[in-house]
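Enquirer: These protein sequence lines map, in sequence, to chains A and B. Letter by letter, the first sequence follows residues 1 to 323 in this note's numbering. Letter by letter, the second sequence follows residues 1 to 248 in this note's numbering. Where a beta carbon is used, it is the ideal one built from N, C-alpha and C, also for glycine. Since we're looking at a predicted model, the values are computed, not measured.
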Amino acid sequence: MLTILRNRFLRVPDKLYIIIIAVVIIPLVIGAVIYFSGATQSPYKIAFISKEDAPPVKHELIQIEQMNERPAMSALVMGKYNAIVEAVEDQKYTVTTYKDESFKKTIEEYFETGKLPVNHTTAKRGIGTSILGVILLIALMQGVALTTFYPDDRNKSTFKRIMMSPLTSRQYLVAQGMFTFSCLFVPTYFVILVMKICFKINIGFGLGALTGLLIIATALATAFSLFMASVMNRNISLATSGISILTCLLAGCLFNYDSQSKWLDAVTNILPQKPFMTLSQGMEGGQTFSDFPWQIGYIVGWIIVLWFEGSLITKKKVQKGIY
Amino acid sequence: MRFLKIAAFDFRNIIRNPTLLFSNMVLPLVLIGVMGFVTQSFFGSGLLSSYDYYGITMITLSALLVIMTATNAFMEEQVKKANIRMIYAPIAKAEIYLSKILSTFLVGTLSFIFILMIGQYGFGINFGGDHLPYIVILISMLVLFGSCFGTMMCCVLGDEEKASSISQLPVLLFSAFGGIFFSTYGLGKTVAFLSNVSPVKWIVECAFRIIYDNDFTLLLPVTLSLLGASAVCILVCQLTFKPEEFTC
């Protein structure tokens with residue numbers, strides 16, 4: 001088993017792009033995410049159309065740009081402005097926006113009374129949770145690229161020869177899993193540490209919590225990629241990317257959403273990413289791992305099931321002599 | 001004639017591959033559906049629905065991901081063997097990769113025309129109404145670029161998995177900065193700059209201008225630059241594709 005693991009690392013120079021992905025690109029993306037989630041954002045950008053009046057009131061949360069003519073609708077669609085406000089008569093304004101009714105009401109009220117309604121802000125997710133959501137997505141997508149030696153071994157019939165030795169397919173997968181896990185975990189963890197310690201960027205977690213959460217995320221990604229590599233023979237990376245993007249979106253890894261449909265909730269609650277997001281949000285709010293036994297248990301359950309399914313399928317295929 | 005035969009064969013190869021067919025014809029629709037559904041509550045008042053917004057952005061993203069179809073059509077293990085036989089035949093090396101580009105482009109364009117039609121007439125998504133043909137032109141140019149870029153990555157790197165996983169990352173970065181997933185306005189000057197550099201932003205803006213403002217000023221420059229970029233990719237293919245190194 002250790003030989004296999006050593007073999008993985010020795011073969012890394014042959015597949016240099018693995019290093020490029022693991023050591024350069026993943027951390028780069030994560031660094032960018034951390035950097036940009038720290039950037040300040042003015043929540044409301046408004047185009048105010050009026051020939052003479054200055055905008056009635058100023059507010060730090062609202063950025064008003066005054067102009068003589070209506071901007072193009074596409075500027076509104078692209079999000080350059082959140083709303084176009086036009087003065088109709090004294091103290092009366094028409095608001096054009098593609099956002100929901102409550103936003104329109106908020107802006108109307110602001111222009112008419114000069115004050116924002118009390119409950120104008122929506123609940124925001126912490127920066128650490130947003131970062132971990134993206135990390136989970138990238139780890140799930142890139143895990144397969146880091147598992148590439150396994151399908152590679154099968155294509156080159158090396159796997160067949162390895163199976164002739166006393167090594168079992170399960171031990172082989174354990175070694176491969178260790179390799180994938182360390183290639184995912186070490187660079188990611190390193191970047192976040194650098195960000196946290198050298199650049200003093202607030203990640204939202206303590207070191208212990210961060211380590212724990214990252215281990216969970218990368219272990220899930222490892223189990224998933226081993227599973228996918230065992231099940232599929234062709235187009236592994238294509239299928240994995242598709243599945244990862246869809247499930248992460250539905251589980252709310254990239255942004256939070258309220259679904260109005262019960263059956264969709266039932267479907268998304270099955271996904272392991274959902275308890276992970278709950279867990280990390282709770283941790284960021286100051287709770288500890290022991291407050292989420294159910295969530296952790298569920299994710300670990302997924303990891304075990306994916307792992308066992310993967311190794312079972314491989315074992316079956318070996319017994320049937322497919323490789 | 002011989003070239004067309006090779007291209008037709010590649011075309012059939014792509015169509016027979018269920019994963020590729022799924023990722024080109026079904027996945028974009030699923031993505032539009034999921035993104036539209038997930039963000040439904042952020043949109044309202046009938047001006048623009050979440051499906052209208054993500055219809056355009058997700059089609060742009062999937063059209064770019066044609067890169068992966070191209071790498072697959074070129075260097076998938078089973079296709080590779082056939083390619084090796086072709087290398088020994090008296091065929092110009094340009095014919096080998098040009099046939100992959102042509103077949104990927106055809107599959108991609110046909111499937112996106114299908115998706116745009118289904119979206120507009122079946123699901124009532126606003127893809128420009130009468131201006132739909134212009135959107136089709138724009139997207140097919142993007143598909144052409146994706147096919148050329150994917151093939152170029154294969155020529156440069158010589159390996160399918162390598163080419164597709166490396167080209168995925170710039171695609172995702174350009175898409176994120178181009179405002180595919182969320183609006184990039186108001187995120188500071190650096191992001192504004194990166195967003196203007198991202199070709200994806202200009203494609204999306206071009207499409208939205210056509211649909212919502214009847215404004216065609218961006219159409220010509222965007223399509224021409226995509227054509228130019230495709231030509232550059234083909235040139236790189238010709239320079240870097242070495243059939244003699246093309247082994248299993």
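Name the chain B residues whose beta carbon is nearer than 8 Å to that of Thr148 (chain A)?
Expert: Translated into the one-based positions of the first sequence, residue 148 (chain A) becomes position 148. Within 8 Å Cβ-Cβ: Glu161.
Enquirer: Name the chain B residues whose beta carbon is nearer than 9 Å to that of Ser230 (chain A)?
Expert: As a working mapping, residue 230 (chain A) is identified with position 230 in the first sequence. Those do not exist, as Ser230 (chain A) stays about 16 Å from chain B at its closest Cβ, beyond 9 Å.
Enquirer: Quick check on Gln287 (chain A): buried or exposed, where buried means 16 or more other Cβ atoms within 10 Å of its Cβ?
Expert: Translated into positions along the first sequence, residue 287 (chain A) becomes position 287. It counts as exposed.
Enquirer: Specify the secondary structure class of Pro18 (chain B) as computed by DSSP and reduced to three states.
Expert: For the purposes of this step, residue 18 (chain B) is taken as the residue at position 18 of the second sequence. Reduced to three states, the DSSP call for Pro18 (chain B) is helix.
Enquirer: Could you tell me whether the segment 123-141 of chain A touches the segment 138-150 of chain B, where touching means 3 or more Cβ pairs closer than 8 Å?
Expert: No, because fewer than three Cβ pairs between the segment 123-141 of chain A and the segment 138-150 of chain B fall closer than 8 Å, the two stretches do not touch.
Enquirer: Roughly how many angstroms separate the alpha carbons of Thr71 (chain B) and Gln142 (chain A), rounded to a whole number?
Expert: As a working note, residue 71 (chain B) is residue 71 in the second sequence. As a working note, residue 142 (chain A) is residue 142 in the first sequence. Rounded to the nearest angstrom, the two C-alpha atoms are 17 Å apart.
Enquirer: Using a C-beta cutoff of 7 Å, does Ile4 (chain A) count as contacting chain B?
Expert: The residue labelled residue 4 (chain A) in the question sits at position 4 within the first sequence. So no, Ile4 (chain A) is outside the interface.
Enquirer: Would you say the segment 177-192 of chain A touches the segment 269-276 of chain A, given that touching needs at least three Cβ pairs under 8 Å?
Expert: With the cut-off at 8 Å, the segment 177-192 of chain A and the segment 269-276 of chain A do not touch.
Enquirer: Nearest to Thr151 (chain B) by alpha carbon, out of B:Pro221, B:Met58, B:Phe22, B:Val232?
Expert: Counting from 1 along the second sequence, the entry for residue 151 (chain B) is found at position 151. Cα-wise, what sits closest to Thr151 (chain B) is B:Val232.
Enquirer: Please report how far the alpha carbon of Met232 (chain A) lies from the alpha carbon of Val30 (chain B), in whole angstroms.
Expert: One-based indexing of the first sequence puts residue 232 (chain A) at position 232. One-based indexing of the second sequence puts residue 30 (chain B) at position 30. Rounded to whole angstroms, Met232 (chain A) to Val30 (chain B) spans 21 Å at the Cα level.
Enquirer: Identify every residue that forms a DSSP beta bridge with Lys99 (chain A).
Expert: Indexing the first sequence from 1 puts residue 99 (chain A) at position 99. BP columns for Lys99 (chain A) point to B:Phe43.
Enquirer: Could you give the first and the last residue of the continuous beta strand (DSSP E) run that contains Glu65 (chain A)?
Expert: Stepping through the first sequence from its first residue, residue 65 (chain A) is reached at position 65. 62-67 is the span of the beta strand (DSSP E), which, as asked, contains Glu65 (chain A).
Enquirer: Start and end of the beta strand (DSSP E) containing Ile162 (chain A)?
Expert: Residue 162 (chain A) sits at position 162 when you count from the first residue of the first sequence. No beta strand (DSSP E) holds Ile162 (chain A); the alpha helix (DSSP H) holding it covers 158-164.
Enquirer: Just tell me which of B:Gly36, B:Leu48, B:Ala163, B:Ser230 has its CA closest to the CA of Gly146 (chain B).
Expert: The sequence position of residue 146 (chain B) within the second sequence is 146, counting from 1. The candidate whose alpha carbon is nearest that of Gly146 (chain B) is B:Ser230.
Enquirer: State whether the segment 45-62 of chain B contacts the segment 118-131 of chain B, with contact taken as three or more CB pairs (one from each stretch) at a distance under 8 Å.
Expert: Yes, the segment 45-62 of chain B is in contact with the segment 118-131 of chain B.
Enquirer: Identify the continuous beta strand (DSSP E) that holds Ala92 (chain B) and give its terminal residues.
Expert: As a working mapping, residue 92 (chain B) is identified with position 92 in the second sequence. No beta strand (DSSP E) contains Ala92 (chain B), which DSSP labels as neither H nor E.
Enquirer: Under the DSSP definition of a beta bridge, which residues are partnered with Phe48 (chain A)?
Expert: Walking along the first sequence from the start, residue 48 (chain A) turns up at place 48. According to DSSP, Phe48 (chain A) bridges with A:Gln66, A:Val85.
Enquirer: Return helix, strand or coil for Gly301 (chain A), following the three-state DSSP convention.
Expert: Here residue 301 (chain A) refers to the residue found at position 301 when the first sequence is read from its first residue. Here Gly301 (chain A) sits in helix by DSSP.
Enquirer: Could you tell me whether any Cβ in chain B is nearer than 7 Å to the Cβ of Lys274 (chain A)?
Expert: Within the first sequence, residue 274 (chain A) is the residue found at index 274, counting from 1. By this cut-off, Lys274 (chain A) is not an interface position.
Enquirer: Beta carbon of Tyr185 (chain B), beta carbon of Lys80 (chain A): below 7 Å?
Expert: Numbered from 1 along the second sequence, position 185 holds the residue referred to as residue 185 (chain B). Numbered from 1 along the first sequence, position 80 holds the residue referred to as residue 80 (chain A). Contact: yes.
Enquirer: Ile166 (chain B) CB to nearest chain A CB: under 7 Å?
Expert: Locating residue 166 (chain B) in the second sequence gives position 166, counting from the first residue. Chain A contact via Cβ: present.
Enquirer: Tyr93 (chain A) bridges to which residues according to DSSP?
Expert: As a first step, residue 93 (chain A) must be located in the first sequence, where it is residue number 93. Partner(s): A:Ala87.
Enquirer: In three-state terms, what does DSSP make of Pro272 (chain A)?
Expert: Here residue 272 (chain A) corresponds to residue number 272 of the first sequence, with the count starting at 1. DSSP places Pro272 (chain A) in coil when its eight states are reduced to three.
Enquirer: The alpha helix (DSSP H) with Asn202 (chain A) in it runs from where to where?
Expert: On the first sequence, residue 202 (chain A) is found 202 positions in, with the first residue counted as 1. Run containing Asn202 (chain A): none; DSSP gives neither H nor E here.
Enquirer: Between the alpha carbons of Thr122 (chain A) and Tyr257 (chain A), how many angstroms are there, rounded?
Expert: Residue mapping note: residue 122 (chain A) aligns to position 122 of the first sequence, counting from 1. Residue mapping note: residue 257 (chain A) aligns to position 257 of the first sequence, counting from 1. Bear in mind that the predicted position of Thr122 (chain A) carries a pLDDT of just 49, short of 50, making it unreliable; the figure below should be weighed with that in mind. Cα to Cα, the separation comes out at about 11 Å.
Enquirer: Is there a Cβ from chain B that is less than 7 Å from the Cβ of Ala145 (chain A)?
Expert: As a first step, residue 145 (chain A) must be located in the first sequence, where it is residue number 145. It does; some Cβ of chain B falls within 7 Å.
Enquirer: Is the CB-CB distance between Gly128 (chain B) and Ile135 (chain B) below 7 Å?
Expert: Sequence index remark: in the second sequence, residue 128 (chain B) carries index 128 (1-based). Sequence index remark: in the second sequence, residue 135 (chain B) carries index 135 (1-based). Yes. Within cutoff.
Enquirer: Do Ile234 (chain B) and Cys148 (chain B) come within 7 Å of each other at the CB atom, strictly closer than that value?
Expert: For the purposes of this step, residue 148 (chain B) is taken as the residue at position 148 of the second sequence. For the purposes of this step, residue 234 (chain B) is taken as the residue at position 234 of the second sequence. Yes, the Cβ-Cβ distance between Cys148 (chain B) and Ile234 (chain B) is below 7 Å.
Enquirer: Do you know how far the Cα of Ser182 (chain A) is from the Cα of Phe205 (chain A)?
Expert: Sequence index remark: in the first sequence, residue 205 (chain A) carries index 205 (1-based). Sequence index remark: in the first sequence, residue 182 (chain A) carries index 182 (1-based). Rounded to whole angstroms, Phe205 (chain A) to Ser182 (chain A) spans 22 Å at the Cα level.
Enquirer: Which class does Gln142 (chain A) belong to by DSSP, given the choice of helix, strand or coil?
Expert: Walking along the first sequence from the start, residue 142 (chain A) turns up at place 142. It is helical.
Enquirer: Short check: CB of Val79 (chain B) to CB of Gly108 (chain B), under 7 Å?
Expert: For the purposes of this step, residue 79 (chain B) is taken as the residue at position 79 of the second sequence. For the purposes of this step, residue 108 (chain B) is taken as the residue at position 108 of the second sequence. Cβ atoms of Val79 (chain B) and Gly108 (chain B): not closer than 7 Å.
Enquirer: Could you check which residue in A:Met78, A:Glu69, A:Tyr98, A:Leu76 has the C-alpha nearest to that of Ala87 (chain A)?
Expert: Numbered from 1 along the first sequence, position 87 holds the residue referred to as residue 87 (chain A). The shortest C-alpha separation from Ala87 (chain A) is found at A:Glu69.
Enquirer: In angstroms, rounded to a whole number, what distance separates the CA positions of Val174 (chain A) and Pro170 (chain B)?
Expert: As a first step, residue 174 (chain A) must be located in the first sequence, where it is residue number 174. As a first step, residue 170 (chain B) must be located in the second sequence, where it is residue number 170. One C-alpha to the other measures close to 32 Å.
Enquirer: Would you verify that the beta carbon of Val34 (chain B) is, or is not, closer than 7 Å to some beta carbon of chain A?
Expert: Residue numbering aside, residue 34 (chain B) sits at position 34 when the second sequence is read from its first letter. Yes, its Cβ sits closer than 7 Å to a Cβ of chain A.
Enquirer: So that I know if they touch, is there some Cβ in chain B lying closer than 7 Å to that of Tyr298 (chain A)?
Expert: On the first sequence, position 298 is the one that residue 298 (chain A) refers to. So, not an interface residue.
Enquirer: According to the Cβ coordinates, are Gln111 (chain A) and Val85 (chain A) closer than 7 Å?
Expert: Residue mapping note: residue 111 (chain A) aligns to position 111 of the first sequence, counting from 1. Residue mapping note: residue 85 (chain A) aligns to position 85 of the first sequence, counting from 1. Note that residue 111 (chain A) corresponds to Phe in the displayed sequence, not to Gln. In this structure, Val85 (chain A) lies closer than 7 Å to Phe111 (chain A) by Cβ.
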